[in-house]
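Below is one structure, written out as structure tokens; the observations come after it.
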Amino acid sequence: MSLQDIARLFGRNVSVDDALVAKQLAPALDAKLTFEEALAAALANSGLTASLSGGGAVIQKVSASGGAQGDIVVTGSRIRGAPIASTTLTYQREEMRSAGQSSLADAIRAIPQNFGGGQNAGVGYNVPAGNGVDLDGGATINLRGLGSDATLTLLDGRRMSYAGATQGIDVSAIPFGAIERIDVVPDGASALFGSDAVAGVANVILRRDFDRLETSARLGGSTDGGNFQQQYGATAGKTWGSGSATLSYEFARTTAVEASQRDYAQSRRPGVTLSPYLRHHNAALVARQSIFDNLTFDVDLLYNKRWWAQTLPLNSAGDLTVSRADFSRTSQSWTAAPSLTLALPADWRVSLGGSYGWNRSEFGGIYTYGTATSSANSGVYRNVTQNVELSGNGNVFELPGGTVKAALGMGYRQTLFTRTGSSASAFIDASQDSYYAFGELSVPVFAPGQVPILGESLDLSLAARYERYPDVDFVVTPKLGAIYAPTKDISLKGSWGRSFRTPTLYEQYRPTTTALYAASSFGGSATGGTVLYVSGGNADLQPERSTNWSATLDLHPRAFAGLTLEVSYFAIHYRNRIVTPIMYTSQALSSSAYAQYVTANPDAAEQAAAIAKGTTFTNYSGSAYDSANVIAIVDNSSVNAGRQDVQGVDARVTYDFRARGGTARMLVNASYLKSQQQISAEQAVTQMAGTLFNPPHLRARGEVSWRNDTLSLVGAVNYIGPVQDTRSDPSVRIAGMVPVDFTIRYHFDRTKGPLAGIDAIASLQNAFNDEPSPIATTAYTDTPYDSTNYTPFGRVVSLTVTKAW
Numbered sequence: 022m023s024l025q026d027i028a029r030l031f032g033r034n035v036s037v038d039d040a041l042v043a044k045q046l047a048p049a050l051d052a053k054l055t056f057e058e059a060l061a062a063a064l065a066n067s068g069l070t071a072s073l074s075g076g077g078a079v080i081q082k083v084s085a086s087g088g089a090q091g092d093i094v095v096t097g098s099r100i101r102g103a104p105i106a107s108t109t110l111t112y113q114r115e116e117m118r119s120a121g122q123s124s125l126a127d128a129i130r131a132i133p134q135n136f137g138g139g140q141n142a143g144v145g146y147n148v149p150a151g152n153g154v155d156l157d158g159g160a161t162i163n164l165r166g167l168g169s170d171a172t173l174t175l176l177d178g179r180r181m182s183y184a185g186a187t188q189g190i191d192v193s194a195i196p197f198g199a200i201e202r203i204d205v206v207p208d209g210a211s212a213l214f215g216s217d218a219v220a221g222v223a224n225v226i227l228r229r230d231f232d233r234l235e236t237s238a239r240l241g242g243s244t245d246g247g248n249f250q251q252q253y254g255a256t257a258g259k260t261w262g263s264g265s266a267t268l269s270y271e272f273a274r275t276t277a278v279e280a281s282q283r284d285y286a287q288s289r290r291p292g293v294t295l296s297p298y299l300r301h302h303n304a305a306l307v308a309r310q311s312i313f314d315n316l317t318f319d320v321d322l323l324y325n326k327r328w329w330a331q332t333l334p335l336n337s338a339g340d341l342t343v344s345r346a347d348f349s350r351t352s353q354s355w356t357a358a359p360s361l362t363l364a365l366p367a368d369w370r371v372s373l374g375g376s377y378g379w380n381r382s383e384f385g386g387i388y389t390y391g392t393a394t395s396s397a398n399s400g401v402y403r404n405v406t407q408n409v410e411l412s413g414n415g416n417v418f419e420l421p422g423g424t425v426k427a428a429l430g431m432g433y434r435q436t437l438f439t440r441t442g443s444s445a446s447a448f449i450d451a452s453q454d455s456y457y458a459f460g461e462l463s464v465p466v467f468a469p470g471q472v473p474i475l476g477e478s479l480d481l482s483l484a485a486r487y488e489r490y491p492d493v494d495f496v497v498t499p500k501l502g503a504i505y506a507p508t509k510d511i512s513l514k515g516s517w518g519r520s521f522r523t524p525t526l527y528e529q530y531r532p533t534t535t536a537l538y539a540a541s542s543f544g545g546s547a548t549g550g551t552v553l554y555v556s557g558g559n560a561d562l563q564p565e566r567s568t569n570w571s572a573t574l575d576l577h578p579r580a581f582a583g584l585t586l587e588v589s590y591f592a593i594h595y596r597n598r599i600v601t602p603i604m605y606t607s608q609a610l611s612s613s614a615y616a617q618y619v620t621a622n623p624d625a626a627e628q629a630a631a632i633a634k635g636t637t638f639t640n641y642s643g644s645a646y647d648s649a650n651v652i653a654i655v656d657n658s659s660v661n662a663g664r665q666d667v668q669g670v671d672a673r674v675t676y677d678f679r680a681r682g683g684t685a686r687m688l689v690n691a692s693y694l695k696s697q698q699q700i701s702a703e704q705a706v707t708q709m710a711g712t713l714f715n716p717p718h719l720r721a722r723g724e725v726s727w728r729n730d731t732l733s734l735v736g737a738v739n740y741i742g743p744v745q746d747t748r749s750d751p752s753v754r755i756a757g758m759v760p761v762d763f764t765i766r767y768h769f770d771r772t773k774g775p776l777a778g779i780d781a782i783a784s785l786q787n788a789f790n791d792e793p794s795p796i797a798t799t800a801y802t803d804t805p806y807d808s809t810n811y812t813p814f815g816r817v818v819s820l821t822v823t824k825a826w
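Under this note's numbering, the first residue of the sequence shown is numbered 22, with each subsequent residue one higher.
Below is the structure:
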């Protein structure tokens, strides 16, 4: 029985690089075994060992000292093998490939708990900046739609540098050939990992113990035109008795999608680039070396360079020959994450590790009016993240129910951010330090068979983290978890905790601008008077804070082997959100909701202070500045004022069974979401989920697959629900999309003939060419659909050929 068969039979995740098992034959198993016993029997005499990780297992080589090579990277806990009280979604590299996905950007778009807003490629200019932006074509994870800066993304458990002006982590900077899997825990995790993990944490795990050369080529494109994709990669690995090294490189190029290529856009917004041109080089090196029997050195190295280009019209007719803006951006990033891990008695592993991440995004463009050209606003964002941490985890003492385990750690992190531009007033140069300490405890209260009257088992977990930001504040975040199994067929999970997000350096130090406007622009009298309008960052911002809890029902009935059902209810109360408090500046003087941000009848000294606060002062009033004519100062600088309440249900059903000489799987992953926001106590509560440029209430993905040793077939239905366009009264319903995907994969025999080692994947994404519904637009640069939820790609045909040498 293969490892995949065991994983499917027990409904558990088993992570293994196929290079480790490619030439190994698993023994036949015919007995009543537990999950752990079945793994041990399958791996007997293989030179491999299974280490429990969350609800599944990770397969690794046995080192010379008899243990697994190095430490196990887990996501929902800092303790190796600890049960996790939160839902964990794991996406294996080979599962992604069999579904026709060729990058992490493809994979995260198919996760129902993820939102396409935030910092992502193809987000249009009509999307509010707080909901999404396409800075340079990067792809970030945005769980629950709370923002890319509220989802923490890690690389083998380590932080990478932010990208652009927001705290998003670009997962498309990682070559696909280097990826083993991605774990997603859609639950607050600041007690374990610190800032940003409000909506959850995603951990990208890289491939190790890879022992061959693998090359790949992929061609694809949209049948309606544009989006022509080329992707070429090579991954080479070598293992030896005391270590391993894997080097991966990838080149990819994708052409733009223009409005002229889509019938729903060509007449509504001609000349607009719907999806940008992208080109990148990615590289990764993953190495491990045992220095002594109990001391291991690991290092992850990443490099990425990307080019982005887009054209927008500068006239209402969309005639690019008359006037246009050609924008181009380049970005570079690299990450180095070394660590030393020491194995000690009582199964303790102590690690001294660090990471250094660097990201540079350069933007600019050219305005063309007939034959005349001029430079568009240009600049550079640069982010640096550096971190050092000492941590350890292992056994503490024995209880009747099992071994109590603990994790402890402390560390230091520094974030640096600079912005330079064609305007001197755009300059930012700032840094932020943090010192932290954390602890986690896993307690098995009772185990199967010990207290039958109370149930099958009970496990508790407790974590806490202290983090101090010298120039901001200190934060203490606890988390509690419990897993109770009343029977062998049912598990009940619950978690409660607090999380936080520190203000970004851009939010704190974005240059303040002051401008003079006619009072009528802000809801004042049309007969006269002017207003001083102040906007920008705020150095006194405090951390955003959240309270998260979830309850999960996990059914895995023995009477229906291979069937699992997990249903989770989650709730997030997010407060002290950093917002610009005046949502509608046209009502600043007429609405009492904005009174606290308005200084009426300011004297000369107050006006002088408002003007001095800005790095620039611009007069848009149409008349000379006269202090006697200023009737108000309106301050719309960022403040901690908002709150969001998010709740919903996640449901995941899998059924694995034998069918016609192979194994089949039916899977449904669905997420229902409700969310609302209130910017301040004086303002009304507004609905977010289910409205334009926010996540729909319901997203789901269903898959039916079949596979044997040479062939796999996957069919998938993606449901992206409708949203309401509330910009008009009454609101307008924008229909959702239901793309249907088909993928066929064939493994040629690896030991015979000229086709040995070849793996071919043919994929048809959005087979029936479902299109996004159009929305109302006002500016000639607007994208005429909701670009945070729906894509313009249409039907995409691709062929991927991989060869193992």
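Glycine included, each C-beta is placed from N, C-alpha and C at the ideal position. Given the structure is predicted, the values throughout are model-derived calculations rather than measurements.
Can you grab the Cα-Cα spacing for the pair residue i / residue j, in whole Å?
i: Ser-644; j: Ala-614; result: 29 Å
i: Asn-787; j: Gly-247; result: 15 Å
i: Asn-559; j: Asn-597; result: 14 Å
i: Ala-304; j: Arg-202; result: 17 Å
i: Asn-315; j: Val-588; result: 41 Å
i: Ala-409; j: Asp-510; result: In the sequence on display, residue 409 carries Val and not Ala. One C-alpha to the other measures close to 43 Å.
i: Trp-517; j: Ala-633; result: 46 Å
i: Ala-447; j: Met-687; result: 53 Å
i: Gly-87; j: Ser-263; result: Here the model assigns Gly-87 a pLDDT of 40, short of 50, so the residue's position is not dependable, and the following value carries that caveat. Cα to Cα, the separation comes out at about 12 Å.
i: Gly-91; j: Val-222; result: Any reading at Gly-91 must be qualified, since the residue scores a pLDDT of 47, below 50, and its modelled position is unreliable; the value itself is stated next. Approximately 23 Å between the Cα atoms of the pair.
i: Thr-441; j: Gly-121; result: 40 Å
i: Gly-75; j: Pro-104; result: Since pLDDT at Gly-75 reaches only 47, below the 50 mark, its modelled position is unreliable, and no value is offered.
i: Ser-482; j: Val-225; result: 24 Å
Can you tell me whether residue i is helix, strand or coil according to DSSP?
i: Asn-569; result: strand
i: Leu-335; result: coil
i: Thr-342; result: coil
i: Ser-395; result: strand
i: Asn-657; result: coil
i: Gly-386; result: strand
i: Asp-127; result: helix
i: Tyr-811; result: coil
i: Tyr-801; result: coil
i: Pro-366; result: coil
i: Ser-84; result: Because Ser-84 carries a pLDDT of 44, less than 50, the predicted location of this residue cannot be relied on, and the following value inherits that uncertainty. Note: Ser-84 maps to coil in three-state DSSP.
i: Tyr-253; result: strand
i: Gln-628; result: helix
i: Arg-118; result: helix
i: Ala-777; result: coil
i: Thr-675; result: strand
i: Ile-195; result: coil
Can you pull the DSSP bridge partners for residue i?
i: Gly-736; result: Val-725, Phe-763
i: Pro-751; result: BP columns for Pro-751 are empty, so no partner.
i: Asp-454; result: Gln-435
i: Thr-380; result: Residue identity check: residue 380 is Asn in the sequence provided, not Thr. DSSP lists Ser-354, Asn-404 as partners of Asn-380.
i: Ala-171; result: Answer is none; Ala-171 lacks a bridge partner.
i: His-718; result: Its beta-bridge partners do not exist; DSSP assigns none.
i: Phe-769; result: DSSP, once it has assigned bridges, lists no residue as partnering Phe-769.
Does the beta-carbon distance from residue i to residue j come in below 8 Å?
i: Thr-802; j: Tyr-146; result: yes
i: Val-148; j: Pro-813; result: no
i: Thr-356; j: Leu-176; result: yes
i: Gln-331; j: Phe-318; result: no
i: Ser-478; j: Pro-491; result: no
i: Thr-362; j: Val-307; result: no
i: Ile-700; j: Ala-540; result: no
i: Lys-514; j: Thr-568; result: no
Between residue i and the ligand FAD, is there a pair consisting of the residue's CB and a ligand heavy atom that are separated by less than 7 Å?
i: Gln-668; result: Among the ligands in the structure shown, none appear at all, so the ligand FAD cannot be discussed.
Item to complete: Could you name each continuous beta strand (DSSP E) segment of 3 residues or more that falls completely within the region 276–308, going from the start of the chain to the end?
Response: Unbroken beta strand (DSSP E) stretches of 3 residues or longer found wholly inside the region 276–308: 294–296, given in chain order.
Discussion item. Please give the ranges of any alpha helix (DSSP H) in the region 412–448, keeping only runs that are unbroken, at least 4 residues long and fully inside the region.
Written reply: None, since the region 412–448 contains no complete alpha helix (DSSP H) of that length.
Fill in: Runs of alpha helix (DSSP H) wholly within the region 471–525 (minimum 4 residues, chain order)
Taken in chain order, no unbroken stretch of alpha helix (DSSP H) lies wholly in the region 471–525 with a span of 4 residues or more.
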